[in-house]
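One structure is given here, and the rest of the page talks about it.
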Amino acid sequence: MARTQPSEGDRRRGSLSAPVGRGLVSSGQVCILGHAGPSRTASRPGGIIQLSGSQVTTGGEARSVGTKTQNRPGATAMAVGNINELPENILLELFTHIPARQLLLRCRPVCSLWRDLIDLVTLWKRKCLREGFITEDWDQPVADWKIFYFLRSLRRNLLHNPCAEEGFEFWSLDVNGGDEWKVEDLSKDQRKEFPNDQVKKYFVTSYYTCLKSQVVDLKAEGYWEELMDTTRPDIEVKDWFAARPDCGSKYQLCVQLLSSAHAPLGTFQPDPVTIQQKSDAKWREVSHTFSNYPPGVRYIWFQHGGVDTHYWAGWYGPRVTNSSIIIGPPLP
Numbered sequence: 006m007a008r009t010q011p012s013e014g015d016r017r018r019g020s021l022s023a024p025v026g027r028g029l030v031s032s033g034q035v036c037i038l039g040h041a042g043p044s045r046t047a048s049r050p051g052g053i054i055q056l057s058g059s060q061v062t063t064g065g066e067a068r069s070v071g072t073k074t075q076n077r078p079g080a081t082a083m084a085v086g087n088i089n090e091l092p093e094n095i096l097l098e099l100f101t102h103i104p105a106r107q108l109l110l111r112c113r114p115v116c117s118l119w120r121d122l123i124d125l126v127t128l129w130k131r132k133c134l135r136e137g138f139i140t141e142d143w144d145q146p147v148a149d150w151k152i153f154y155f156l157r158s159l160r161r162n163l164l165h166n167p168c169a170e171e172g173f174e175f176w177s178l179d180v181n182g183g184d185e186w187k188v189e190d191l192s193k194d195q196r197k198e199f200p201n202d203q204v205k206k207y208f209v210t211s212y213y214t215c216l217k218s219q220v221v222d223l224k225a226e227g228y229w230e231e232l233m234d235t236t237r238p239d240i241e242v243k244d245w246f247a248a249r250p251d252c253g254s255k256y257q258l259c260v261q262l263l264s265s266a267h268a269p270l271g272t273f274q275p276d277p278v279t280i281q282q283k284s285d286a287k288w289r290e291v292s293h294t295f296s297n298y299p300p301g302v303r304y305i306w307f308q309h310g311g312v313d314t315h316y317w318a319g320w321y322g323p324r325v326t327n328s329s330i331i332i333g334p335p336l337p
């Protein structure tokens with residue numbers, strides 16, 4: 006049966022009873038209050054949104070009295086029967102201030118007008134620009150701006166405690182040989198050499214193999230199954246390691262994309278890196294990007310470590326820090 010397209014009147018009529026945030030949309034009425042000044046800010050959900058010299062509130066901030074509303078001395082509001090009577094560009098501007106998940110889960114089902122507006126590319130480009138995900142001169146192609154927005158909003162290092170600031174919290178010590186894993190501080194000279202001045206500590210291995218790992222649960226981190234299976238965004242893995250100048254060492258890394266049953270769907274395992282004694286002690290970066298991997302990825306397993314090659318008591322093996330797993334499009 007062919008679907009009947011709603012008329013303009015039908016699009017602008019509809020139940021507005023779906024709550025957004027904490028009462029952001031509680032009825033079909035909206036109050037527009039006079040406000041001096043070109044303010045253009047948004048409050049938290051449930052508060053007043055100020056737009057281009059007007060305040061718009063739908064959370065019961067103003068008290069309706071007949072056809073006019075008094076919110077405070079000097080401010081008089083005129084009640085509009087239906088929020089959909091506002092111009093569409095105003096509705097779009099309002100939507101840019103509502104959290105994305107609320108837009109899709111709570112606002113989009115309200116009526117066909119809201120659905121059509123929320124599906125517009127313009128809205129998601131505005132949200133990306135407003136939150137700094139793109140710049141005004143952004144010229145890179147984007148296949149789906151809605152997906153792009155979500156991936157950028159989720160973008161962060163998914164490994165917890167990558168720089169040993171919390172000891173071994175979040176890490177599983179799979180192999181703890183020799184004098185075992187240890188956390189040390191970067192010296193002042195080492196901090197000057199390291200490319201990230203925020204890194205102040207590292208993990209160091211011993212004279213028998215030391216390996217530690219961490220499992221990233223993608224759903225727990227906000228990456229729902231359909232997003233991963235349909236979009237399959239790039240997954241970038243990085244790690245930093247260094248040897249001591251007075252002792253040789255061997256570094257190793259393995260990263261796997263895992264299914265819900267923890268079966269491997271993709272693996273990055275470069276050959277172990279052996280650094281000879283009296284070599285430079287500079288920090289080195291290893292990186293890899295997973296692309297076009299099979300659907301079904303639910304976890305990412307990251308393991309690294311190594312051993313010193315002279316079997317000296319103490320902690321003379323490779324040092325590791327600033328590890329990262331980042332999903333999604335690059336920064337502008």
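Those letters in the sequence shown? Residues 6 to 337, by the working numbering.
C-beta atoms are modelled at their ideal positions from N, C-alpha and C, and glycine is treated no differently.
Who are the near neighbours of residue i in its chain, counting only those whose CB is closer than 8 angstroms to its CB and skipping five residues on each side?
i: residue 206; result: 168, 169, 170, 188, 189, 190, 191 and 326
i: residue 122; result: 93, 96, 97, 100 and 128
i: residue 317; result: 212 and 252
i: residue 162; result: 329, 330 and 331
i: residue 319; result: 184, 211 and 212
What is the DSSP secondary structure of residue i, counted as helix, strand or coil?
i: residue 211; result: coil
i: residue 259; result: strand
i: residue 131; result: helix
i: residue 332; result: strand
i: residue 289; result: strand
i: residue 139; result: coil
i: residue 234; result: helix
i: residue 112; result: helix
i: residue 244; result: strand
i: residue 196; result: helix
i: residue 150; result: helix
i: residue 222; result: strand
i: residue 91; result: coil
i: residue 270; result: strand
i: residue 190; result: strand
i: residue 120; result: helix
i: residue 66; result: Reliability of the predicted coordinates at residue 66 is poor, the pLDDT of 37 falling under 50, and no value is obtained from them.
For residue i, which residues from the same chain have a beta carbon less than 7 angstroms from its beta carbon, with the 5 sequence-adjacent residues on both sides left out?
i: residue 213; result: 182, 183 and 312
i: residue 234; result: 300 and 301
i: residue 249; result: 286 and 321
i: residue 275; result: 258 and 291
i: residue 202; result: 196
i: residue 147; result: 153
i: residue 236; result: 152
Alpha carbon to alpha carbon, how far is residue j from residue i? Give it in angstroms, no decimals.
i: residue 204; j: residue 196; result: 7 angstroms
i: residue 307; j: residue 186; result: 17 angstroms
i: residue 263; j: residue 194; result: 39 angstroms
i: residue 174; j: residue 210; result: 17 angstroms
i: residue 199; j: residue 288; result: 7 angstroms
i: residue 126; j: residue 268; result: 37 angstroms
i: residue 226; j: residue 139; result: 23 angstroms
i: residue 136; j: residue 112; result: 20 angstroms
i: residue 272; j: residue 87; result: 55 angstroms
i: residue 239; j: residue 160; result: 11 angstroms
i: residue 304; j: residue 166; result: 18 angstroms
i: residue 217; j: residue 208; result: 10 angstroms
i: residue 134; j: residue 141; result: 7 angstroms
i: residue 298; j: residue 270; result: 7 angstroms
i: residue 102; j: residue 108; result: 10 angstroms
i: residue 215; j: residue 254; result: 12 angstroms
i: residue 91; j: residue 144; result: 32 angstroms
i: residue 309; j: residue 124; result: 43 angstroms
i: residue 221; j: residue 114; result: 33 angstroms
According to DSSP, which residues form a beta bridge with residue i?
i: residue 100; result: Paired residue(s): none; residue 100 is not in a bridge.
i: residue 155; result: DSSP lists no partner for residue 155.
i: residue 252; result: 249
i: residue 216; result: 180 and 310
i: residue 304; result: 222 and 263
i: residue 206; result: 190
Just mark residue i as buried or exposed, buried being the case when its beta carbon has 16 or more other beta carbons within 10 Å.
i: residue 281; result: exposed
i: residue 260; result: buried
i: residue 130; result: buried
i: residue 178; result: exposed
i: residue 106; result: exposed
i: residue 333; result: buried
i: residue 157; result: buried
i: residue 219; result: buried
i: residue 265; result: exposed
i: residue 283; result: exposed
i: residue 164; result: buried
i: residue 149; result: exposed
i: residue 224; result: exposed
i: residue 296; result: exposed
i: residue 315; result: exposed
i: residue 336; result: exposed
i: residue 244; result: buried
If you drop the 5 nearest sequence neighbours on each side, which residues of the same chain put their C-beta closer than 6 angstroms to that of residue i?
i: residue 256; result: 246, 278, 311 and 323
i: residue 241; result: 294 and 331
i: residue 151; result: 129
Is residue i close to chain B? Criterion is C-beta to C-beta, closer than 8 angstroms.
i: residue 230; result: Although the question refers to chain B, the structure presented lacks it and comprises just one protein chain.
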